[in-house]
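Here is the structure we will look at, set down as structure tokens.
Residue numbers (this note's numbering), protein chains in the order written: chain F, -19 to 706; chain E, -19 to 706.
Below, the structure is given as structure tokens:
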């Protein structure tokens, strides 16, 4: 069949999603902002967020230009273009999300105030969230569409195109055509890393600063306007939980789609088990069209909630329903696509791509991915919700003091790694069994095919949270705060599942990229292997396994350092500016915003640079076998740390919430036990919101940048040179 | 040359060491115990320790008998015998250590009281410690000597013996002769695991219980006799830090020696690069004789301190001097041995064993091991001593409250993993380059060749610590306490280096065992590989990497659970028994001892069973490739976690000490900052003293038990069966 059908399909899907996002954007923006005080606060938050993102993007654009120049010189200008395109798409999506979130928050607060209806408020908040969700899906696919169009990946003669475009770089090494795809993924990943790390530092420094002095020392409530760090805290929610999270999931989405396409190309190039040119074409197109259909499914799923004339008061059920509609439609559309593309034809030798169960194989792999994502999410829910034993045990340990609160949270986090890893391992083994290594990549893509729905819910949460903050600071009725708090809490379960998808897909995508890397590093005649009995690979794996620890240590440090400055500033204001604690003088919010912003901009570079440069630099010194080891070591260790930090942080957070809703006898607000719980929560904050999500990005950036650089360092590295002399 | 020379050499060395240990034991025992009160307290501690070890050994002997029966049925009775022998040797060494420590502590306290001389007190404490050190070295080698003698490993016709003894088990699978060696190692490892885990739970539960209520809530000093948990705490020091540590290092020592011998056998059996029968004989004998010479060197090193008529007051320098004499003599003796055994001869084709630099190759590997051990120890010192930036930063963060104290300690721990891993990786690459995979095992052996000196210093620490406790509880002069505290602190640097050896050698020995496992799992005609591109191995590696996290979570939980019971008991006694806090009534020490003891006995089983059963059971289900993945995943992850937990715990501990010596302005004893530091220390306690050391044992037990079981499950496992049907 002609590729035109697919091009049109993707274009339609992207246009509909973008149109719907635009419609929702303006529907939200035209709502009333509420009282003078509310408008002032919202403006302060919006300005803080805008200033930060502007400064961030300014410093990023320089970095991006430098990287693009290096890529042009050493690899190819085509790749540099797709790299820039990726960065622009990711940056735009995050920016749109930040815009809508900072418009939507105050409007949600106002709707709650005027309508006093949970259902009405839910609708506005979710409409705001959907703008981010739709942007993530649409911009990601728009960029991929452009890359595919520019570089001939829709071409009927794709195989010929691939080989024709394989060119030598200025050092005379052949640069595989697939780097254009890797370039796009790298652009998205780099922006995601900066947004995630920068946002994570920003939000957690503000949050910790506000809590440590405000809640623990001055004993004032969360979001109390007397707290100088409170505006920064609310800006942080937007910067970290909206822009950071959006860029993160966009990166995962793009990573999963392109990992599948790249693997298809590598399977074609590998002479060990070559696939036919027509099969290659279909395997390249499949993940993109699957994702486009998923985007359409999400538009329908989102509409199903928004057009409903009367929502029930069970917000939880409404959100889940919308997500499950999106997910089911994605899989149903995907099944049709799979049948259409891979139905039996003489020129498609499905066995050559290891599709062991015929045309349905890749679809089954996608289903395994979705199932694994849900299972990992439910397990996260089990370990971190106060409805279950693990978090309850953390809550109970608060009665024995802070130290045991910390150790029991650590223990929950550590124990929580095994079950999701077993799920992930089963998904890998299952999808590999039905559709080979391509199946593993498709499993990641399947997990993320309805990413739009996931991001919408994930964004809705911080919007509701911010609305709560604005209500508190504007001294609105307690009733309003109850509505926003309920909405905030409701998003949590769905968000937990979204987290399962994020980490599961990161692991699968990173592993697929790693296999692509091995293909690229191995001469075409040989069978790929990653043999850890070879000392150089073993040594690489050891150092690789230490890398996520080093990276996490740096991140925690970055947050702590900025938080310490914040703590001192808040203490200073309480002491030096008279009347602040009594609520008579307005504190200096601006200074706190500056501290968070400066800290984030300063500290985000080191971790981001490590993730890109480490595999590349060591590749030039120790060669491709070493980097292969680094990749597997880092992936293994990052998965464990991400699960550990995420779940330990979640358990502490909810143990505190459990105590605050009065779940634990003998630990009312302000008691020793409550204090211990707050400290646990504060310790967990940087772990679950900065470290955990950044680790997902780390392993993907590392594998993408190795994949790009390997075409050079497999020919030219110090160790091979020395060994040849010895 | 005849093997008789070596048999005599080992026997002499073992006899001298045992004789010297006996002499030191009675020299200590005949000293005066001091006042009535001191004798009472010492008796209570001694009885507590004896009761615990008796109960532990009773429940262990049953487990050992069950394991031995299973081994007899499924593998061979020879192996069961060496297994029992290993357990008996390890158990005896730990028991001797516990005896001397509980005799020595009060005598150290009394010498300090009567002589008021630091040098005199040091001598007694070190003499006590040396009994443990010498027992560890001597009993370990005695057992190996017996195993070698019984099973013909000294035989001139060793190769023929090996093949003649290879027999079929009752299922008809050939059982390699090397399992007799693995059996001995498994016996030592299992005892070590129980002693380490049991002792770790005992000591940390008592310690946390005593600190949490005593120091934090009741604000009384450490070792205050009014604290009901104080005797249990002092018993715990003996059970955990003496018996647990001794069994742990004995296991490492045996593991490293036997890993080298087993690898030599596997190299011989592997048809890929077969070594000659004579070379095999020498490679089997080499590590044992090297260790025996090391033991002699340590006798001389220990004597050099003890016979000196007048010690300087710089205790630190005296201890280091003695250790360095032992280490240097070990290496010098070893060099002679290496030249003697591997000097050029026509029937020794050194190249076949990958000795790339001729006869000196294995000695160089041993030197790399020693250098790596020292470097790792110094790095641990850097990250955990308050003379350097990392720990100082933790100390400073106490000023910003508990939460930042915890996060900064975590960050130090995480960042501290990279440097030692690089050192370890270099040692692996270096020793592999000079002497092949045998070199990696020899590097571990080299590190531990002077283990006796290390254990002596490591045991001397808790003896001095206990002496301090007894002084405090008997209300001796403050001067006495200053002497014991100084001695306790002095041991720390040397102990840090000992820790570096423990973790470094564990990693190297586990990797060598893993390679032996791969040899055993691979048909003789094929080249061994551990290819993580194979999904079954990859999946194994993922699950393996999660295992140390699960294991650590269980351990932390076990400690926390027991500590919680202890906290409640101490609180109860303060409340219910009138006059305890005023010092008028004696608290119920016995009840606290029972809580620790019961908790330790109850909780130590699960982690120990996991470590033995997990690789064996999954082997029977998923086959040898899966277990290969599990071993590498677990080893990588355990190394990182061991470094992380050890260094984070050490940093918190010393940050607290720094504050207590008044190093930090604005944080005197009893301040908020000091409180935060105590909480940090309490959180770190189970991490550094229970989790970290147990992880070292975990990876060795896992690889030994896989190595033993693989001869069966490589022929018979569920997955292969199912795949053959599919």
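All residues carry an ideal CB built from backbone N, CA and C; glycine is no exception.
Give the interface partners of residue i over in chain E, defined as CB-CB distance under 9 Å, in chain order.
i              : result
residue 348(F) : The contacting residues do not exist; residue 348(F) stays about 13 Å from chain E at best.
residue 534(F) : 391, 394 and 395
residue 662(F) : 381, 382, 383, 384, 386 and 387
residue 525(F) : 397, 401, 525, 616, 617, 619 and 620
residue 613(F) : 616
Which two residues bound the contiguous alpha helix (DSSP H) that contains residue i?
i              : result
residue 712(F) : Missing from the structure shown is residue 712(F); chain F here goes from -19 to 706 and no further.
residue 296(F) : 295 to 322
residue -11(F) : -17 to 9
residue 397(E) : Neither: residue 397(E) is in no alpha helix (DSSP H) and is coded neither H nor E.
residue 430(F) : Neither: residue 430(F) is in no alpha helix (DSSP H) and is coded neither H nor E.
residue 85(E)  : 57 to 95
residue 654(F) : 652 to 666
residue 583(F) : 569 to 583
residue 273(E) : 257 to 286
residue 34(F)  : 16 to 54
residue 622(E) : 604 to 640
residue 101(E) : 98 to 130
residue 214(E) : 210 to 216
residue 690(E) : 672 to 693
residue 557(F) : Where residue 557(F) is concerned, there is no enclosing alpha helix (DSSP H), given that its DSSP letter is neither H nor E.
Can you list the residues of chain F that residue i reaches, using a CB-CB cut of under 7 Å?
i              : result
residue 493(E) : Going along chain F, no residue has its Cβ under 7 Å from residue 493(E), so there is no contact; the nearest lies around 13 Å.
residue 511(E) : 509, 510 and 511
residue 659(E) : 382 and 383
For residue i, list the residues DSSP reports as bridge partners.
i              : result
residue 511(F) : 511(E)
Please list, in chain order, all residues of the same chain as residue i whose beta carbon is under 6 Å from its beta carbon, the five residues on each side excluded.
i              : result
residue 77(F)  : 112, 222, 223 and 226
residue 583(E) : 181 and 538
residue 167(F) : 63, 66 and 67
residue 276(E) : -7
residue 666(E) : 184, 536 and 539
So which residues of chain F does residue i contact, with C-beta pairs closer than 8 Å?
i              : result
residue 666(E) : 387
residue 547(E) : 380, 381 and 384
residue 313(E) : Per Cβ cutoff of 8 Å: no residues; residue 313(E) is ~28 Å from chain F at best.
residue 404(E) : 522
Leaving out the 5 sequence neighbours to the left and right, which residues in its chain are closer than 7 Å to residue i when beta-carbon positions are compared?
i              : result
residue 640(F) : 649
residue 0(F)   : 114 and 279
residue 528(F) : 614, 617, 618, 621, 675 and 678
residue 17(F)  : 454
By the criterion of Cβ-Cβ separation under 9 Å, what are the contact partners of residue i in chain F?
i              : result
residue 409(E) : 515, 516, 518 and 519
residue 425(E) : By Cβ distance, chain F contributes nothing, its closest Cβ being about 18 Å from residue 425(E), past 9 Å.
Going along chain E in order, which residues have a C-beta closer than 8 Å to the C-beta of residue i?
i              : result
residue 412(F) : 515
residue 188(F) : 383 and 384
What in chain E is Cβ-close to residue i, meaning under 7 Å?
i              : result
residue 498(F) : 513
*Against chain E: residues of the segment 353 to 386 of chain F by CB proximity under 8 Å*: 377, 380, 381, 382, 383, 384 and 386
*Going along the chain, which residues of the segment 542 to 569 of chain E sit with their C-beta nearer than 7 Å to a C-beta in chain F?*
543, 544 and 547
_So if I threshold CB-CB distances at 7 Å, which residues from the segment 191 to 207 of chain E count as touching chain F?_
192 and 196
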